[in-house]
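**Student:** By numbering that gives the first Met the number 0, the letter at position 298 of the sequence shown is numbered 297, and the numbering carries on one by one without gaps.
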Amino acid sequence: MNFDLTDEQESLKEAARRFASEQLPELAVELEKTSDPVPDEWLKRYADLGFLGVNIGAQYGGLGLGPLEALIVMEEFAKVSGAVAFPVFESCTGPVKVIERYGSDALKQRVIPRVCAGEMIIAISMSEADAGTALTDLKTVGKINGDTIILNGAKRWCSGGGHADGYLVYCRLDDTPGAKGIGAVYVDKDTPGLSFGAREQLMGFRGVASADIYLDNVEVPVDQIVVPAGGFPKLMAAFGLERCGNAIMSLAQAAGALEDVTAYVQERQQFGRPIVEFQAVQLRLAEMKMKVEAGRLLIYRAACNAGSENPSILDSSLAKCFANEVSREVTGSAIQLMGGYGYSKENAMERRFRDSWGWGIAGGAIDIQKVNIASAMVGRRFNQRAS
């Protein structure tokens, strides 16, 4: 068991860190002000350096590396801001990986190389008004009609909604109740009948477009069925990687906060000396460091244990739950140490604090991760429905 990164992984981390820290801070500030997503010209720059296909197969234009390498890159970007990192998150741990694993050859060849080239963004569309945590209650339906499938329904809380070029839509593909009737279909943004609500105004996640999605007799070819009815377990297994992506995006808020506040307490003076000289500050720094390092190890373990497969529900839920909680605690402590400077919008700290709360809601809330953990511990799923 070796906890050191390889020379190649260290080189990748340093390349991502240098690009993110030198090139992206001004973009992060701009996205925070406008709430616009990363512009196309920046996506091309990401793509030229391989950051949009770190763990995508080389046959599709990716680097062909593993999930750990993708998470390493994502952390360095997300330390600057979640908004500038979001395209990397979507391409390396989101719906693109589901398409790569389960989509038809034609769909993979049409979509994935364009994602790796920075020409296309794909979003996932899972939740509905009455189907978030209770995802098997979703009502969006797809009816197969010859060589096409017709989709009807409405989706909520789609990160990328209205901005992404394509959507992986979870829907009910036959009349079998519960999970067994659920699959997923890919839909292009310009497909007739697909429309979007107003952009959500959220506490954080500025620079990440989010909107409701409406499907009114949306007709697509049957070869755009990525996972057929009965494939819900495959979708949930694939979601293990997205949990790890969520975890590292969340942890990065804490890691970036820790770096900034460590520098701050060595510069900020009170009572004639740097505040790092006070034991209370030293104890707070040590606690923050322990939490960040423990969170990163849980995420890395989930990725390494998975190998070429998807991270397990247990490993990914442990990583996400801990990272989500740590992120909130560490960014809160950083604001407290920085006082008014940390609370000011002129500083990145308050942005990190707001974003940290979002990651603990997105992708399965913290308490749901604890249910997943308990289920894995005792070897069975718990029925949350009223009897």
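We put the beta carbon where it would ideally sit given N, CA and C, even for glycine. Everything numeric in this text was worked out from a predicted model, so none of it was measured.
#1: Looking only at C-alpha atoms, which of G141, A361 and G177 sits nearest to C170?
#2: I need the straight-line Cα distance from F2 to Q268, nearest angstrom please.
#3: Specify whether the region 316-331 and the region 240-260 touch according to this definition: at least 3 beta carbon pairs, one from each stretch, less than 8 Å apart.
#4: Would A46 be called buried (16 or more neighbouring beta carbons within 10 Å of its own) or exposed?
#5: Looking at C-beta atoms only, is the number of pairs between the region 202-214 and the region 24-36 that lie closer than 8 Å three or more?
#6: Less than 7 Å between CB atoms is the rule here; does L172 satisfy it with respect to chain D?
#7: Give the secondary structure of A130 by DSSP, where H, G and I count as helix, E and B as strand, and everything else as coil.
#8: Between Y101 and P227, what straight-line distance do the alpha-carbon atoms span, to the nearest angstrom?
#9: By DSSP, does V264 sit in helix, in strand, or in coil?
#10: Quick one: grab the DSSP three-state call for I224.
#11: Touching or not, the region 98-112 and the region 33-50, by the rule of three or more beta carbon pairs under 8 Å?
#12: Output needed for R155: all residues of its chain with C-beta closer than 6 Å, excluding positions within five of it in sequence on either side, in chain order.
#13: Check the C-beta distance from T135 over to A178 and give it rounded, since I have them as a contact under 8 Å.
#14: I298 and N216 - do their beta-carbons sit closer together than 7 Å?
#15: Do you know offhand how far G145's Cα is from G229's?
#16: I372 to S316, Cα distance in whole Å?
#17: For a test of the three-state rule: what should DSSP assign to S307, helix, strand or coil?
#18: For A279, count the other beta carbons within 10 Å of its own beta carbon; 16 or more makes it buried, fewer makes it exposed. Which is it?
#19: For C157, which residues does DSSP report across the bridge?
#20: Between V275 and L70, what straight-line distance do the alpha-carbon atoms span, to the nearest angstrom?
#21: Tell me the residue span of the alpha helix (DSSP H) that contains G98.
#22: What does DSSP give as the partner residues of I111 in its beta bridges?
#23: Taking just the CA atoms, how far does G117 sit from A305?
#24: Please list, in chain order, all residues of the same chain as R300 whose beta carbon is under 7 Å from its beta carbon, the five residues on each side excluded.
#25: Evaluate E385 with the Cβ neighbour count: other Cβ atoms within 10 Å of its Cβ, from every protein chain shown; 16 or more gives buried, anything less gives exposed.
#26: Can you name, in chain order, every residue of its own chain whose Cβ lies under 8 Å from the Cβ of L62, other than the five neighbours on each side?
#27: Between the beta-carbon of I123 and the beta-carbon of V95, is there less than 7 Å?
#28: Among K233, A285 and H162, which has the Cα closest to the Cα of V260?
#29: What is the DSSP secondary structure of R171, counted as helix, strand or coil?
#30: Does the Cβ of R242 have 16 or more other Cβ atoms within 10 Å, making it buried, or fewer, making it exposed?
#31: Could you give the residue range of the beta strand (DSSP E) that holds V377?
#32: Just confirm the distance between the C-beta atoms of V329 and A253, as a whole number of angstroms; I'd bet it's less than 8 Å.
#33: Along the chain, where does the beta strand (DSSP E) that runs through G141 open and close?
**Tutor:** On the basis of the supplied data:
#1: Proximity to C170 across G141, A361 and G177 peaks at G141, based on C-alpha coordinates.
#2: Approximately 37 Å, taken between the alpha carbons.
#3: The region 316-331 is in contact with the region 240-260.
#4: Flag for A46 reads buried.
#5: Taking one beta carbon from each stretch, the region 202-214 and the region 24-36 have 3 or more pairs nearer than 8 Å; the two touch.
#6: Among the chains of the structure shown, chain D does not appear; only one protein chain is present.
#7: A130 falls in the strand class under three-state DSSP.
#8: Between Y101 and P227, the alpha-carbon positions lie close to 10 Å from each other.
#9: Looking at V264 - three-state DSSP - the assignment turns out to be helix.
#10: Here I224 carries a strand assignment [DSSP, helix/strand/coil].
#11: Judged by Cβ distances under 8 Å, the region 98-112 makes no contact with the region 33-50, as fewer than three pairs qualify.
#12: Answer for R155: S126, E127, A128 and D211, listed in chain order.
#13: That belief holds up - the Cβ atoms of T135 and A178 are roughly 5 Å apart, short of 8 Å.
#14: No, these two residues do not count as a Cβ contact at 7 Å.
#15: G145 and G229 have their alpha carbons spaced roughly 20 Å apart.
#16: Roughly 6 Å separates the two Cα atoms.
#17: In this structure, S307 counts as coil in the three-state DSSP scheme.
#18: Around the C-beta of A279, fewer than 16 other C-beta atoms lie within 10 Å, and the residue is accordingly described as exposed.
#19: Answer is A210, bridged to C157.
#20: Their backbone Cα atoms lie some 31 Å apart in a straight line.
#21: Per the sequence shown, the amino acid found at residue 98 is Ile instead of Gly. Taken as a continuous stretch (DSSP letters only), the alpha helix (DSSP H) holding I98 covers P94 to Y101.
#22: Partner(s): none; I111 has no beta bridge.
#23: Their Cα atoms are separated by approximately 27 Å.
#24: Same-chain partners within the cutoff: D314.
#25: Looking at the sequence shown, residue 385 is not Glu but Ala. Exposed, since its Cβ has fewer than 16 Cβ neighbours within 10 Å.
#26: For L62, where only same-chain residues beyond five positions count, the Cβ hits under 8 Å are G49, G52, V53, N54, I55 and E68.
#27: For I123 and V95, no; Cβs fall outside 7 Å.
#28: Among K233, A285 and H162, the Cα nearest to that of V260 belongs to A285.
#29: Annotated three-state conformation of R171 is strand, per DSSP.
#30: Burial state of R242 is buried, judged by a 10 Å Cβ sphere holding 16 or more other Cβ atoms.
#31: Counted as a single uninterrupted DSSP element, the stretch harbouring V377 is not any beta strand (DSSP E) but the alpha helix (DSSP H) occupying residues I365 to V377.
#32: Contact between V329 and A253 is confirmed by a C-beta separation of about 4 Å, below the 8 Å threshold.
#33: V140 to N144 is the extent of the beta strand (DSSP E) around G141.
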